[in-house]
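Data first, discussion second: the structure below is written as C-alpha cells.
2 protein chains.
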Amino acid sequence: MAELTLRDRKRRRTRRAIVEAAVELFEERGYDGTTIADIAEAAEIGSRTFFSYFASKEEVLWPESDGRIVAVLEAIATRAADDGPADVLLRALREANRDSDDMVGRTAALRMRLIRTVPAVRGRGLQLQLDAQREIARHLHAAFPEELDEVGAAALVGAFVGAITGALQVLLEEAGDDLDTTRRRMTEATDTALGPWMRARES
Amino acid sequence: MAELTLRDRKRRRTRRAIVEAAVELFEERGYDGTTIADIAEAAEIGSRTFFSYFASKEEVLWPESDGRIVAVLEAIATRAADDGPADVLLRALREANRDSDDMVGRTAALRMRLIRTVPAVRGRGLQLQLDAQREIARHLHAAFPEELDEVGAAALVGAFVGAITGALQVLLEEAGDDLDTTRRRMTEATDTALGPWMRARES
DNA sequence: TGCAAATCTGCATTGAGTGCAGTTACTGTC
DNA sequence: GACAGTAACTGCACTCAATGCAGATTTGCA
C-alpha cells in the first residue's frame with residue numbers, strides 16, 4: 001500500500017486544486033484571458049507556488065505525464081508470436097484510441113480545443129507526441145531487432161501516427177458531433193493510407 | 001517587371017538586415033541568449049520596429065513564408081495520367097527534398113538545430129508543417145476526387161510526412177553537423193520511410 | 001521536544017509582446 | 001518643387017510569463 005504521507009496528500013490536493021481552477025478559468029475567460037495570478041488566487045496559493053507544481057502555463061493541461069503511451073508499450077510487450085511490427089502497432093494504437101479517455105472528460109475536450117487555437121499549447125502537445133513516438137519506436141525496434149532498424153521503426157511509427165493525426169486534423173475541423181462516426185471515418189482513412197504497410201505484412 | 005518603389009526596397013533591405021543580424025547572434029550567443037533588443041541594435045533599428053517585420057522572435061527563422069510547398073503542389077498538378085495518389089506524393093516529396101534549399105545555407109542549418117533544441121522554435125516549425133500538410137491534402141483530394149476523400153487524403157499525406165519526420169528525428173539525434181552528411185541521411189531516411197509505398201507501387 | 005528537509009511565499013528582475021502617440025520618410029498630385 | 005496623405009519608425013509605458021533568491025512556515029522523524 002502506498003500509505004501516503006501528509007505532505008504528499010497535501011501536495012496532491014493542491015495540485016488538483018490548481019488544475020481545476022485553471023480549467024475552470026480557461027473555459028470561462030479563455031486561455032490568454034487567464035493569468036497565472038488568476039489561477040493562483042482561485043487555487044488559494046501564491047503566484048510563485050504555481051511554478052513549483054507546473055513548469056509553465058501550458059503544462060497544467062497535461063496533469064498526468066504519461067497517459068496512453070503505456071498502453072501501447074504494453075501491447076508491444078504482449079504481442080502474439082506471429083505478429084509483425086505493423087500488426088502490433090495497428091492493434092496497439094487502435095486500442096489506445098478506443099478506450100482512452102482522451103476524447104472524454106472536460107479537461108480533455110478543453111485541451112483539444114486549445115491545441116487547435118493557442119500556439120503555445122499546440123507546440124507543447126506536438127512535442128509530447130514526438131517524444132511518445134520516439135519512445136514507442138525504441139520499444140518496437142527492441143521487439144523486432146532483425147526486421148526493423150531504429151530508423152525504420154521510427155519511420156513506421158511516424159507513418160502511423162502521422163496518418164491518424166492528419167485524419168484527425170480534418171475530422172476535427174468539421175466539428176464532428178458524433179464520436180462513433182468520427183472514429184469510423186478515422187479507421188477508414190488510416191486503413192487506406194497505411195495500406196502498403198499492411199499489404200507488406202500479408203505477403 | 002516589378003519596378004519596386006524606394007519604400008519597398010528599403011523595407012526589403014531592413015528585413016534582410018534583421019534576419020542576418022538575428023542569425024549571426026543566434027549562432028554566437030544562442031537563441032535564448034539573444035534578446036530582441038540585441039537583434040534590433042545589430043540591425044540598427046528600434047526594438048519596437050522588429051515587431052513590425054516579424055510577429056515574434058521565432059518568425060525570423062522563416063523569412064520566406066511559403067518555401068517548398070509550391071513544388072509539391074506543382075508535382076500534383078502536373079502528374080502523369082496513370083499515377084496514383086501515392087505515386088504523385090512520392091515523387092513530389094522526393095523532388096522537393098532533393099533540390100530544396102532547406103538544407104543549404106546558414107539560416108537553414110541553424111533553423112534545424114534550433115528546432116531540435118528550442119521548444120518555441122519547434123512549436124512554430126511543427127505548426128508550419130501541419131499547415132503545409134493540410135494544404136497538400138486539399139490539392140491531393142482535388143486531384144483524385146473518387147479515390148480519396150478529404151480525410152483519406154489528409155491521412156495519406158500525414159503518413160508520408162510522418163514517416164519522413166520520424167526517420168529524420170532518429171537520424172538527426174546523432175548530432176550530424178555536417179551539411180552533406182545530413183543531406184545524405186535525409187535521403188536515406190526518406191527512402192527507408194517511404195519504402196513500403198514504393199514496393200507497393202512496383203508490384 | 002527539537003532538528004533537518006521540504007514547501008510556500010513575496011520581492012525583484014528579465015525579457016517577450018502590445019498599444020499608443022508623436023515624428024520622420026516616402027508617394028503621388030497639382 | 002511645394003503639399004497633403006499615408007506608410008513606417010520610434011520611444012514610452014504597460015502586461016504577463018518565468019526565474020532567482022531569501023526568509024518564513026510546515027512536515028517528517030529521531
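Chains as they are written, first to last, in full-length UniProt numbering: chain F, 1 to 203; chain Y, 1 to 203. Using N, Cα and C, we set each Cβ at its ideal position, and we do this for glycine too. Remember, predicted model here, so these are calculated numbers, not experimental data.
- Arg91 (chain F) and Ile76 (chain F) have their C-alpha atoms some 9 angstroms from each other.
- Contact check between the region 181–193 of chain F and the region 150–159 of chain Y: three or more CB pairs, one atom from each, fall below 8 angstroms, which counts as touching.
- Between Thr182 (chain F) and Leu171 (chain F), the C-beta gap is smaller than 7 angstroms, which places the two residues in contact.
- Cα atoms of Gln129 (chain Y) and Arg9 (chain F): separation of roughly 43 angstroms, rounded to the nearest angstrom.
- In terms of beta-carbon proximity, Glu150 (chain F) lines the interface with chain Y, with at least one pair separated by less than 7 angstroms.
- Inclusion of Gln133 (chain F) and Val161 (chain F) in the CB contact set at 7 angstroms is warranted, their separation being smaller than that value.
- Within the same chain, Cβ atoms closer than 7 angstroms to the Cβ of His139 (chain F) are found at Leu73 and Ile76, the five residues on either side in sequence being excluded.
- Classified as buried, Leu61 (chain Y) has 16 or more neighbouring CB atoms from the shown chains inside 10 Å of its CB.
- Our two residues, Lys57 (chain F) and Gln127 (chain F), have alpha carbons roughly 15 angstroms apart in a direct line.
- Within 10 angstroms of the beta-carbon of Leu4 (chain F) lie fewer than 16 other beta-carbons, which makes it exposed.
- Assigned with DSSP and collapsed to three states, Thr5 (chain Y) falls in coil, not helix or strand.
- Secondary structure of Pro196 (chain Y) (DSSP, three-state): helix.
- Ala55 (chain Y) sits away from Ser47 (chain Y), with the two beta carbons spaced by 7 angstroms or more.
- Residues of the UniProt DNA-binding region "H-T-H motif" (35–54) of chain F with a Cβ closer than 9 angstroms to any Cβ of chain Y: none.
- Interface annotation, Pro196 (chain F): in contact with chain Y, CB-CB separation under 7 angstroms.
- In chain order, Tyr31 and Val121 place their CB closer than 6 angstroms to the CB of Leu114 (chain F), counting only its own chain and leaving out the 5 sequence neighbours on each side.
- Note that the C-beta distance between Arg185 (chain F) and Val151 (chain Y) is below 7 angstroms.
- Sequence-distant partners of His141 (chain Y) (beyond 5 residues in either direction) whose C-beta falls short of 6 angstroms from its own C-beta, in its chain, are Leu148, Glu150 and Ala153.
- Residue-level contact check: Leu156 (chain Y) touches chain F, since one or more beta carbons of chain F fall below 7 angstroms from its beta carbon.
- Arg134 (chain Y) reaches chain F at Gln169, counting residues in chain order whose Cβ is nearer than 7 angstroms.
- Membership of Ala153 (chain F) in the alpha helix (DSSP H) is indicated by the continuous run Glu150 to Glu173.
- Neighbours of Ala189 (chain Y) across chain F, judged by C-beta separation under 9 angstroms: Val151, Ala154 and Ala155.
- Contact check for Ala137 (chain F) and Gly166 (chain Y): beta-carbon distance about 7 angstroms, within the 8 angstroms limit, so the pair qualifies.
- If the five residues before and after Glu24 (chain F) are omitted, its C-beta is found closer than 8 angstroms to the C-beta atoms of Ala42, all from its own chain and listed in chain order.
- Spanning the alpha carbons of Phe144 (chain F) and Phe26 (chain Y) requires a straight line of approximately 41 angstroms.
- As the crow flies, the alpha-carbon of Glu28 (chain F) is around 10 angstroms from that of Ala22 (chain F).
- DSSP places Lys10 (chain Y) within a helical segment (H, G or I) once states are collapsed to three.
- At a Cβ-Cβ threshold of 7 angstroms, Tyr53 (chain F) and Arg15 (chain F) count as neighbours.
- In the same chain as Ile18 (chain F), and ignoring 5 residues on each side of it, the C-beta atoms closer than 6 angstroms to its own belong to Ala43 and Tyr53, in chain order.
- Following the DSSP letters along the chain, one finds Leu126 (chain F) inside the alpha helix (DSSP H) bounded by residues Pro119 to Ala143.
- The C-beta of Phe51 (chain Y) has fewer than 16 other C-beta atoms within 10 Å across all chains shown, which makes the residue exposed.
- Here Pro196 (chain Y) is near Pro196 (chain F), since their CB atoms are less than 7 angstroms apart.
- Contact annotation for Ala193 (chain F) against chain Y: Gly152, Ala155, Leu156, Gly158 and Ala159 [CB-CB distance below 8 angstroms, chain order].
- Among the residues facing chain Y, Arg185 (chain F) is included, as its CB has a counterpart in that chain under 7 angstroms away.
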